[in-house]
């Protein structure tokens, strides 16, 4: 009788999940259509106009990483910015888009980024233990498409969805014990934007040595194949220029420390003592790395926590990025998804010893997700990103405490 009652309960719940997925999918589709119309003019605005200028300059035999005093017209109507703050791999990989006219290249880019999001969600859903069903996967994808970070990604034509799908593929391949493609996908993400290299800590502290070795090998090969001189130009000429822009991001550890140091030093943010900023940033980064490392070592590569630990490292990569913007919080998807699933499983078991930690982590993550989904809620920037990181770490700790 109990078994039949449970079966009837599951049958009653299934239509509710399906209906919710259908409603959210329709809302997401309408939202994407409306947002696409709203950004139709942005093919000639930042950031895509920068990308197209760099791609065109490179395709014409120029060097986008040489800093100039003013913008240069590389083609009638196409202007190359004064300097390039993206990697040589990024410019070379996507430079074929310069063969299209700017508007066609823009829509090709946006369509590719949308597909990247879809594939990223599918891989995260399939890699979960157990895999998410179709309705749950549609709900996750729909909420992602309705989120503020996705809207910001469309407006700025950001490369973040590409990073997300590469990181998701890296984790998915690692779960399937395929170290070579896992390392390759992580290396590609780092070659495109650099800061995802921090997510390599997931391989290092989970003792996935082969995947880590492949990642290092592919990264070095990518640097050599895209002309090391361009990477040197990026480091020596563009990075000092970008340091002046860090304060505007207000999302990463470096930006936060610089602002605080400037406040106590009584100077403007741009004039904050450089060595003090670097020193305090390094200390905070090391403390955050220690938390992620401890979570990786204590989880013992458990299937039910592996995705959550991966999400923790991706959140750490964002925190340690020298220059990251709010649309890049789209990369918090693994932390939000696996954190929610881990917390739900934890509450189901109702073990009193770990309830306080689990509740704290869940409340923090829930608050962060509210800022991502509800436009009327102010986005707190760095505090939100730090809270998402600590919320994820607390859920990992609570689940480990229950097993102990």
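Residue numbers (our numbering): 9 to 412.
We put the CB at the ideal spot given by N, CA and C, even for glycine.
Quantities reported herein were computed from a predicted structural model and do not represent experimental measurements.
Buried versus exposed, by CB contacts within 10 Å (16 or more), residue i
{"i": "residue 64", "result": "buried"}
{"i": "residue 383", "result": "exposed"}
{"i": "residue 68", "result": "exposed"}
{"i": "residue 369", "result": "buried"}
{"i": "residue 81", "result": "exposed"}
{"i": "residue 201", "result": "buried"}
{"i": "residue 185", "result": "exposed"}
{"i": "residue 274", "result": "exposed"}
{"i": "residue 379", "result": "buried"}
{"i": "residue 329", "result": "buried"}
{"i": "residue 85", "result": "exposed"}
{"i": "residue 335", "result": "buried"}
{"i": "residue 45", "result": "exposed"}
{"i": "residue 290", "result": "exposed"}
{"i": "residue 266", "result": "buried"}
{"i": "residue 217", "result": "exposed"}
{"i": "residue 13", "result": "Here the model assigns residue 13 a pLDDT of 46, short of 50, so the residue's position is not dependable, and the following value carries that caveat. Exposed, since its Cβ has fewer than 16 Cβ neighbours within 10 Å."}
{"i": "residue 190", "result": "buried"}
Contact set for residue i: own chain, Cβ-Cβ below 7 Å, skip 5 residues either direction
{"i": "residue 313", "result": "307, 350, 404 and 407"}
{"i": "residue 396", "result": "323, 340, 343, 373 and 376"}
{"i": "residue 205", "result": "198"}
{"i": "residue 293", "result": "261 and 328"}
{"i": "residue 170", "result": "121, 124 and 200"}
{"i": "residue 192", "result": "222 and 226"}
{"i": "residue 363", "result": "none"}
{"i": "residue 385", "result": "378 and 379"}
{"i": "residue 319", "result": "342, 343, 346, 347 and 400"}
{"i": "residue 301", "result": "209 and 213"}
{"i": "residue 168", "result": "161, 335, 336, 338 and 339"}
Close Cβ partners of residue i (< 6 Å) along its chain, the five nearest in sequence each way excluded
{"i": "residue 398", "result": "none"}
{"i": "residue 114", "result": "51 and 56"}
{"i": "residue 337", "result": "157"}
{"i": "residue 111", "result": "51"}
{"i": "residue 122", "result": "none"}
{"i": "residue 220", "result": "211 and 212"}
{"i": "residue 317", "result": "303, 304 and 307"}
{"i": "residue 242", "result": "73"}
Proximal residues to residue i (C-beta, below 8 Å), its chain only, five neighbours per side dropped
{"i": "residue 10", "result": "Low per-residue confidence applies at residue 10: pLDDT is 45, beneath 50, and the placement is therefore not dependable, though the value from the model is reported in the following sentence. For residue 10, where only same-chain residues beyond five positions count, there are no Cβ hits under 8 Å."}
{"i": "residue 269", "result": "280, 281, 284, 285 and 288"}
Continuous alpha helix (DSSP H) stretch holding residue i: start and end
{"i": "residue 134", "result": "110–135"}
{"i": "residue 80", "result": "No alpha helix (DSSP H) contains residue 80, which is instead part of the beta strand (DSSP E) from 80–83."}
{"i": "residue 75", "result": "First-last for residue 75: undefined, no H or E at that position."}
{"i": "residue 47", "result": "Looking at the DSSP string, residue 47 is not in any alpha helix (DSSP H), and its letter there is neither H nor E."}
{"i": "residue 363", "result": "363–381"}
{"i": "residue 100", "result": "96–102"}
{"i": "residue 157", "result": "156–164"}
{"i": "residue 278", "result": "Run containing residue 278: none; DSSP gives neither H nor E here."}
{"i": "residue 265", "result": "261–273"}
{"i": "residue 238", "result": "236–241"}
{"i": "residue 178", "result": "168–183"}
{"i": "residue 231", "result": "217–233"}
{"i": "residue 193", "result": "187–201"}
{"i": "residue 208", "result": "No alpha helix (DSSP H) holds residue 208; DSSP gives it neither H nor E."}
{"i": "residue 319", "result": "311–328"}
{"i": "residue 57", "result": "56–67"}
Proximity winner among the options, relative to residue i (alpha-carbon distances)
{"i": "residue 158", "options": "47, 347, 370 and 280", "result": "47"}
{"i": "residue 104", "options": "66, 128, 76 and 183", "result": "66"}
{"i": "residue 98", "options": "60, 178 and 86", "result": "60"}
{"i": "residue 391", "options": "278, 345, 258 and 294", "result": "258"}
{"i": "residue 150", "options": "135, 328, 38 and 236", "result": "38"}
{"i": "residue 222", "options": "242, 187 and 205", "result": "187"}
{"i": "residue 355", "options": "117, 366, 137 and 347", "result": "366"}
{"i": "residue 297", "options": "271, 265, 208 and 345", "result": "208"}
{"i": "residue 87", "options": "116, 53, 95 and 233", "result": "53"}
{"i": "residue 95", "options": "388, 348, 345 and 233", "result": "233"}
{"i": "residue 353", "options": "137, 119 and 33", "result": "137"}
{"i": "residue 102", "options": "244, 266, 196 and 317", "result": "196"}
{"i": "residue 144", "options": "74, 25 and 172", "result": "25"}
{"i": "residue 394", "options": "318, 264 and 89", "result": "264"}
{"i": "residue 311", "options": "346, 321, 409 and 237", "result": "346"}
Cβ distance (whole Å) where residue i is taken to contact residue j below 8 Å
{"i": "residue 239", "j": "residue 228", "result": "Their Cβ separation, rounded to whole angstroms, is 11 Å, which puts residue 239 and residue 228 out of contact at 8 Å."}
{"i": "residue 147", "j": "residue 28", "result": "6 Å"}
{"i": "residue 153", "j": "residue 36", "result": "4 Å"}
{"i": "residue 299", "j": "residue 133", "result": "In fact, because the Cβ distance is near 27 Å, the residues do not count as touching under 8 Å."}
{"i": "residue 178", "j": "residue 304", "result": "Wrong, their Cβ atoms sit about 15 Å apart, outside the cutoff."}
{"i": "residue 162", "j": "residue 128", "result": "About 16 Å separates the two Cβ atoms, so there is no contact after all."}
{"i": "residue 72", "j": "residue 79", "result": "In fact, because the Cβ distance is near 12 Å, the residues do not count as touching under 8 Å."}
{"i": "residue 118", "j": "residue 165", "result": "7 Å"}
{"i": "residue 381", "j": "residue 155", "result": "6 Å"}
Endpoints, the beta strand (DSSP E) within which residue i is located
{"i": "residue 88", "result": "86–88"}
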